[in-house]
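Protein chains in written order, with UniProt numbering: chain G, 1 to 388; chain W, 1 to 388; chain X, 1 to 388; chain U, 1 to 388.
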């Protein structure tokens, strides 16, 4: 039997980090559809993130992306966040949008380009110092499009060298979260294509280097919860970039494509102790709301993570262990499915009530008038986007 | 034994259509890297296409994309092409880059948006009338990102209705080439996701409606040559959009990712009579040269198609048939592999010589000074691109 | 608002066909793990199927596989079924286990092998006459393992010729269900690899030829519900072979790998009128219970189909249509998800009660003592299996 | 410029290990097609392997599989091999065909089953002592079919514990080669599913533990040469199990499905120093010749590896490095493609001549009469197979 009070207590402490860029415009290579009311600067992104936290209660931090969120005064930005009940989260680097990065950044064959990329990464740590962020999240678009284009192995050497320099720079309470990605924008070989590569680099760097699992960055058919369990077992799971996919890195709302998979991932997090504060797992969203309203989509995504977590917490682990040890295939599966098949929406509504949050975040947000207000006020200027 | 003279004769008649947009800038959602010398208008694109034809001898037509290649006077454009030894090829429609198309074009739930998209398609036929193009190539980005977002079946009804209106408008010697695509930019359901859907619609429309196979638009593991053979057998193969891929619709140079697959596809074309003029198959490229020099990449792509074709023509079909009928698995495979393993580059060089073309297209282009000239001259203005 | 009484009424009329072979042993190429109590002949398989029907109330028919279920007297078998509350369902042919079929059956290069295969198919229709079965289910393992091994197109010609002969033989009230499969056991080209190929053949054959969708027979990422919607729209969906998969044709219990996908499929069935009796859709299981107890696994599978159906029926279609027409992406998705997120187990239990079936099929089966009884009694002889 | 003499010298030292089981019968779960002349015991398998070595000159070792190749006297078997110019190669364990292994072997929840599996692995080391084999090749079919069936993480603990005990037992000059596999026969979670998992275990075990790359054991789209380069860079590439695939673990002849991929893999081996004797890389085949003649298929496979190696050695590495450093995408790709597009069959024929081997292995084998002789002589008894 699961202890409902404990489940609720765990849900009340949950924290999902929303990404500043998800509040801005995004799209595919074919088209970016602009939306009314989209923020024009990091301050407005924080306003929107504050709404998500206000209506969900479990989205207290916001990830920044440099240079998209570059400001003069990061301390002021941090203070602006704080005043809205938020904290600044991971600092995400960008080494893929300068013309110099056509053939890569810290894996580029040219030392001058590598230097430029490294300087950007070091600047990101400076920003962490200013914002108080603990996490430097590194995703590299580095790779090659054609066989032979560059030396796969030499690129690993350059990668290792670059990461080591950045690692060295990390201060007290700071860590490096290394993300891997199966493909895109590189179409032949990606320099950090899988968890094994990220893990191998982290191992050599030291304990402050950990792997980030972006749920959209795997080959078809990959068992992501296995990777989660393995990285937790190795003490190298730094966090998640949540989103969902039917095909490639579609960046849809987490839980929209395969809610059962999200539940299984969350179950392995629970199983592996990943919800304990000391585990230090960052639960981040990384999504693109290309055609749907952005703030409601982010609220919905946070709710999806919550509901999957609730189901994972509801698994009767004693009964599961009994069936597993007994080799009862159907029985063990049934214990897991019982939790998954439970409608947890009432439970989560109750948790919200206990936290002083409206039980119906989407309805409450819709009634709040925020969408209308920003559409009316945020006119003129340049809407935030990826700048591709 | 294969008749070398016949192989050469076939190769001399080969015609690969290059796409105007491949001469312009392209990229991923993360970044478009601009290149020096990229055309700023359709006229300059034709200049570049003329170079590709000059140095390969087998790229006599150029596909246009509307609105990217919209001009005041299409007859003048056709004449401009003709003066450079080119003809205008397929007219490609674009129903994915207007803000109105956020939720689709001719499958959109709103009749007004459908009307707008249809009007564009009809305008494309007007342009065909003006340019003398025979092919209207239709690719629809239509689809949905989330389950439930729209009614999958109603969208098929709208698609059928729209296609019928366009089909009706086709004149003498004009046809409709319907392209399918597995996914992107729609991430849940695409309205023409596979050859079966395209085929079913073409069947109902009539004989002027045919299917286009884009080699990058399939699910992982799909046997493309089977589809080619099947469509040829059904008399519904209208043409190809050639490119290559390791992962999704990577749009790399054709033959760069899996040259053996390209050979197998070409073999089925040969086998099915697809090289005969009366087959009317359009052999088109549809590629994105995101990081490599564009004109040389297109020359290389044309050469790759040529070489794969040469190998396909070299298959000893009598020996193959004998081994197949005898159930000699290894023997039959060996006949095919013998042709594939042949180095046909000397043969193709000879063909070029016989056609009065430099045997080494890439070297000749490099020596021609064209790249330097356009880099110097095409300064200012707006480089062509997708306008995403 | 959905009409709960109507939902329950629909669920009471649901009928899932279980496959005789799922009661027997199965495995992978590496190992078949035998289980105690497995049937030794078709009669014992029917006994087990009767138990599944007894405890679920919605599994009234059993598919046979010839020659695995060959008996002297099919009328006696039909009567034996009837006495247990069952009817005999689809007759499944087998043209892949005779040594003559190494290179194919009705697509084989040798006319004598084709004749042999055709005679088997015609025999299956004879059996249908004897059993009163209406469906001839055809799955062909035909294909090639190596490029060049056989002529892809000629194999299509042979396939068309063979199917036509069998179609000709079909009597009143009989139809042909043609199954497609992405790959396995052929590893290069399969002769009916996708729905398009099956559909094209059915179109030519006539109205009695329809396509079967086996949920495990698609390329990675394929949107199966789109195919379902399309075939229903075309009037060519004959039925399902339900199972689930994470990778290839894993043949796990339906709903075990991706319950959300099963729900979406069922929703398209509902949407397309596929639950109406006149639609004539056969809802069949086709699974392998390699490591789990067979009868409980089949009961569970039937329950999974029921629950997915219940959720599909609960979709508020008026609200959905409103949101779709309004272009409300998140709203429309939310309507669908509301139904999916509902815990329908209580509803289904009630339906069982109304049908006079125990609300808890698995618990009731476990208590029945049947498993112990067959393990004790079915000793000696040869357990049923695939005979591979 | 490449040094042809050096290329030839390298090719003369090449050694491909053939697997004893490839000489026996194999098939899919649907059917094993028996072939005439197939060996009935390990001695006859060695006879066939000797033929492959006789006609290729580069297949001097044979991998054994226990228990399929269990004999009374392994020293006698080694001597029998030696008399035929062969040596015994890797010892392959089998922990998937005993009824006890239904839910796994060294990862099984039951300690008694784990003990049994471990005892088998230790017995394999005993056999290595007797045969003089240096490599223990471990592939585990362990995994689960259903979510929840067993505890993913606990299975890793058991795996680590089991491997450690076996590692401890390894003697001087012995090593452990750990194979990973994406899926099959487990269909939900496999306990060693990717190179990262194998690598992580090997790291903890010590320097004698290395990873085996089976070219058929990856997710769709995986860049295998990247893994090869990475493992070589880490000093953890133990060897290859060569075969080829279009879909899953098809086990077709290496080089038959994607010869360009095989070339790229071989290039990374060359690049990473993997052909040096001190690298200790084992180049093994692991294939199933389900429908084609077995000995010719193995000869052909060895030839395919040779030809891919020849092409890899022909890459003009200086020119490649120049183009790579210059960021010349097309130029670098062209250098690689030049080698790939070369017809190396004449070169390889010359190498054979220099080694005193017939330049045409398949023709020479066909003329030798061996196939006819074994078909006539190996009558009665039980043909070797997987015993599934």
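We put the beta carbon where it would ideally sit given N, CA and C, even for glycine. Being a predicted model, the structure only gives us computed values, none of them experimental.
Residue burial classification, residue i (beta-carbon count within 10 angstroms, cutoff 16)
{"i": "residue 67 of chain X", "result": "exposed"}
{"i": "residue 168 of chain G", "result": "exposed"}
{"i": "residue 85 of chain X", "result": "exposed"}
{"i": "residue 171 of chain X", "result": "exposed"}
{"i": "residue 129 of chain X", "result": "exposed"}
{"i": "residue 230 of chain U", "result": "buried"}
{"i": "residue 380 of chain U", "result": "exposed"}
{"i": "residue 72 of chain W", "result": "exposed"}
{"i": "residue 352 of chain G", "result": "buried"}
{"i": "residue 126 of chain U", "result": "exposed"}
{"i": "residue 286 of chain G", "result": "buried"}
{"i": "residue 137 of chain X", "result": "buried"}
Any C-beta of chain U under 8 Å from that of residue i
{"i": "residue 74 of chain W", "result": "no"}
{"i": "residue 152 of chain G", "result": "yes"}
Candidates the options, of which the one nearest residue i by Cα
{"i": "residue 320 of chain X", "options": "W/81, W/130 and W/147", "result": "W/147"}
{"i": "residue 382 of chain X", "options": "X/19, X/7 and X/34", "result": "X/34"}
{"i": "residue 36 of chain U", "options": "U/292, U/336 and U/354", "result": "U/292"}
{"i": "residue 326 of chain U", "options": "G/221, G/61, G/44 and G/108", "result": "G/108"}
{"i": "residue 369 of chain X", "options": "X/360, X/44 and X/51", "result": "X/51"}
{"i": "residue 271 of chain X", "options": "W/151, W/24 and W/299", "result": "W/151"}
{"i": "residue 6 of chain G", "options": "G/343, G/359 and G/315", "result": "G/315"}
{"i": "residue 207 of chain X", "options": "X/221, X/290, X/237 and X/114", "result": "X/237"}
{"i": "residue 158 of chain X", "options": "X/137, X/39, X/69 and X/118", "result": "X/118"}
{"i": "residue 95 of chain X", "options": "X/139, X/112 and X/286", "result": "X/139"}
{"i": "residue 88 of chain W", "options": "W/133, W/59, W/113 and W/106", "result": "W/133"}
{"i": "residue 385 of chain W", "options": "W/302, W/39, W/9 and W/234", "result": "W/39"}
{"i": "residue 232 of chain U", "options": "U/216, U/195 and U/262", "result": "U/195"}
Cβ-Cβ distance between residue i and residue j below 8 Å
{"i": "residue 178 of chain W", "j": "residue 228 of chain W", "result": "no"}
{"i": "residue 191 of chain W", "j": "residue 153 of chain W", "result": "no"}
{"i": "residue 160 of chain G", "j": "residue 116 of chain G", "result": "no"}
{"i": "residue 57 of chain X", "j": "residue 357 of chain X", "result": "yes"}
{"i": "residue 296 of chain G", "j": "residue 260 of chain X", "result": "no"}
{"i": "residue 240 of chain U", "j": "residue 283 of chain U", "result": "yes"}
{"i": "residue 222 of chain W", "j": "residue 219 of chain X", "result": "yes"}
Residue i at chain W interface by Cβ criterion, 8 Å
{"i": "residue 348 of chain U", "result": "no"}
{"i": "residue 97 of chain G", "result": "yes"}
{"i": "residue 175 of chain G", "result": "no"}
{"i": "residue 291 of chain G", "result": "yes"}
Proximity test, Cβ basis, 8 Å: residue i and chain X
{"i": "residue 329 of chain G", "result": "yes"}
Short CB-CB distance (under 8 Å) between residue i and chain G
{"i": "residue 297 of chain X", "result": "yes"}
{"i": "residue 149 of chain U", "result": "yes"}
Inset, instruction - Check whether the region 302–309 of chain G touches the region 12–23 of chain G, counting contact only when three or more Cβ pairs, one atom from each stretch, lie closer than 8 Å. - result: yes
Legend entry - Sufficient close CB pairs (3 or more, under 8 Å) joining the region 178–186 of chain U to the region 18–32 of chain X: yes
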